[in-house]
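Here our numbering is used: the first residue of the sequence shown is 125, the next is one more, and so on. Backbone N, C-alpha and C define an ideal beta-carbon position, used for all residues, glycine too. One structure below.
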Amino acid sequence: MRSLFLQAPSFDGYDGGAGARYQMKREVKSFWYPTWLAQPAALVEGSRLIDAPAHDLSWDDIKHEVDDKELIVLHTSTPSFGQDIRTAELIRARNPTALIGLIGAKVAVEPE
Numbered sequence: 125m126r127s128l129f130l131q132a133p134s135f136d137g138y139d140g141g142a143g144a145r146y147q148m149k150r151e152v153k154s155f156w157y158p159t160w161l162a163q164p165a166a167l168v169e170g171s172r173l174i175d176a177p178a179h180d181l182s183w184d185d186i187k188h189e190v191d192d193k194e195l196i197v198l199h200t201s202t203p204s205f206g207q208d209i210r211t212a213e214l215i216r217a218r219n220p221t222a223l224i225g226l227i228g229a230k231v232a233v234e235p236e
């Protein structure tokens, strides 16, 4: 299965990555390894992992990555949830047949 595990691009006023997003910008950036994405990605042969905030990637930088994928999993958190849903909508517009899933503490605790 052609799969992408994605930490969606950051957006104005938020910072962080991999395990969390923060409602502010920091002078010093540090990013933890994206364990919420890397662990399940390791179980799917041939999957691709993109941690967009850590590499300062925008939607325009990564949008071509979703075109041929059958499964796309996004990490989400409470502060980034709205933006992550918008990213999922952009993915759906480019690839209407892909299965799209969300992982992270927010959706583990509040799956609806």
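| query | result |
| --- | --- |
| Run through the stretch 150-223 for me and flag every whole alpha helix (DSSP H) of 4 or more residues, listed as ranges in chain order. | 159-166, 183-186 and 205-218 |
| Do you know whose CA, among Glu-169, Leu-167, Ala-162 and Ala-166, lies nearest Asp-175's CA? | Ala-162 |
| Express the C-alpha separation of Lys-230 and Lys-193 in angstroms, rounding to a whole number. | 24 angstroms |
| Starting from Ala-229, follow the alpha helix (DSSP H) in both directions and report where the run begins and ends. | 229-233 |
| Determine, using beta carbons only, whether Ile-224 and Ala-212 come nearer to each other than 8 angstroms. | yes |
| Once the 5 residues before and after Val-168 are set aside, which same chain residues still bring their CB inside 6 angstroms of it? | Ser-127 |
| Please report how far the alpha carbon of Met-125 lies from the alpha carbon of Ser-171, in whole angstroms. | 8 angstroms |
| Go through its chain and collect everything with a Cβ distance to Gln-131's Cβ below 8 angstroms, but skip five positions before and after it. | Gly-141, Ala-142, Pro-158, Leu-161, Ile-174, Asp-175, Ala-176, Pro-177, Ala-178, Leu-198 and His-199 |
| Nearest CA to the CA of Ala-232: which residue from Trp-183, Ser-201 and Asp-180? | Ser-201 |
| Which residue marks the beginning of the beta strand (DSSP E) containing Ser-127, and which one marks its end? | 127-131 |
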